[in-house]
Amino acid sequence: MNAYSRISLNLLLPSVIAPLLLLAWAYIGAAEKSTDPVSDDMAFLFLAFGVGCALAAIPSAVHTAIMELFYRIGVSSVRKRAIFLSTVSGLFAGALALPIKSAVFDGFGPNMILEFGIYSLWGSLTGAITGCIIYCLSKKNENHGA
0 MNAYSRISLN
10 LLLPSVIAPL
20 LLLAWAYIGA
30 AEKSTDPVSD
40 DMAFLFLAFG
50 VGCALAAIPS
60 AVHTAIMELF
70 YRIGVSSVRK
80 RAIFLSTVSG
90 LFAGALALPI
100 KSAVFDGFGP
110 NMILEFGIYS
120 LWGSLTGAIT
130 GCIIYCLSKK
140 NENHGA
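Using numbering that gives the first Met the number 0, you'd call the opening residue of the sequence shown number 0 and step up by one each time.
Quick look at the structure:
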């Protein structure tokens, strides 16, 4: 996979994956409460998806810079080590998302430690999914000689 494709994927995928994970979590929560998940709440969630995409832009750029540094020092996107590094990078990007969200919306609350943990795990999961997608696409390109 060429650098342009890799950078594009590392920059754009987390901005879409993170809000999708939030939507899935909200949908499951609505289903567990036996409420109709396709309601006015879903309209709010889709608005939140758009805001989430925008708020994930800075952490995505940081994740991209970190991953590109790893690639430039010799880590190959066709190695599983790249997935691990993407997961760790996602952890830091997720932790970065909390102060951004707090500055834009509600400030830091009394549950800041819990929120920090949730955002870090959310970022790790986003980084892992992003790393897996890039790994699979890189393997596919390598197998086809592209």
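Yeah, the Cβ is synthetic: ideal placement off N, Cα and C, and Gly gets one too.
Where N1 sits in the DSSP three-state scheme: Residue 1 sits at position 2 when you count from the first residue of the sequence shown. Three-state result, N1: coil.
Exposure label - G122; buried when at least 16 CB within 10 Å: Walking along the sequence shown from the start, residue 122 turns up at place 123. Under this definition G122 is a buried residue.
Quick check on the DSSP output: the alpha helix (DSSP H) that includes F104 runs from which residue to which? Counting from one through the sequence shown, the residue named residue 104 turns up at place 105. Taken as a continuous stretch (DSSP letters only), F104 belongs to no alpha helix (DSSP H), as it is neither H nor E.
Enumerate in chain order the residues of its own chain whose CB-to-CB distance from S137 is below 7 Å, with the five nearest sequence positions on each side excluded. In the sequence shown, counting from the first residue as 1, residue 137 sits at position 138. M0, S76 and V77.
Would you tell me roughly how many angstroms separate the C-alpha atoms of A145 and Y134, rounded to the nearest one? Position 146 of the sequence shown, counting from 1, holds the residue named residue 145. Position 135 of the sequence shown, counting from 1, holds the residue named residue 134. Reliability fails at A145, whose pLDDT of 49 lies under 50, so the model's placement of it is uncertain and the value that follows must be treated cautiously. Their backbone Cα atoms lie some 14 Å apart in a straight line.
Cβ contact (3+ pairs, closer than 8 Å) linking the segment 44-55 and the segment 9-24: At 8 Å Cβ cutoff, the stretches touch.
Neighbourhood of L97 by C-beta distance below 7 Å, restricted to the same chain and skipping five residues each side: Sequence index remark: in the sequence shown, residue 97 carries index 98 (1-based). Excluding residues within five positions, the ones whose Cβ falls inside 7 Å are E114, F115 and Y118.
For the putative contact between A127 and I82, defined by C-beta atoms under 8 Å, what is the C-beta separation to the nearest angstrom? In the sequence shown, counting from the first residue as 1, residue 127 sits at position 128. In the sequence shown, counting from the first residue as 1, residue 82 sits at position 83. 6 Å between Cβ atoms; contact.
Quick one, which of T125, V103 and A94 has its alpha-carbon nearest M111's? Residue numbering aside, residue 111 sits at position 112 when the sequence shown is read from its first letter. Per the Cα distances, A94.
Exposed or buried, Y148, counting other C-beta atoms within 10 Å across all chains shown (16 or more means buried)? Within the shown structure, residues of the chain are numbered from 0 to 145, placing residue 148 beyond reach of any answer.
Taking 7 Å as the cut-off, decide whether the C-beta atoms of T63 and I6 are in contact. One-based indexing of the sequence shown puts residue 63 at position 64. One-based indexing of the sequence shown puts residue 6 at position 7. Going by C-beta atoms, T63 is nearer than 7 Å to I6.
Rounded to a whole number of angstroms, what is the C-alpha to C-alpha distance between L19 and P109? Translated into positions along the sequence shown, residue 19 becomes position 20. Translated into positions along the sequence shown, residue 109 becomes position 110. In a straight line, the C-alpha of L19 is about 26 Å away from that of P109.
Leaving out five residues on either side along the sequence, give the residues of the same chain with a beta carbon under 8 Å from the beta carbon of K178. One cannot answer for residue 178 here, as it falls past the ends of the chain, which runs 0 to 145.
For the alpha helix (DSSP H) holding V61, just list the boundary residues, first then last. In the sequence shown, counting from the first residue as 1, residue 61 sits at position 62. Unbroken alpha helix (DSSP H) run through V61: A56 to R71.
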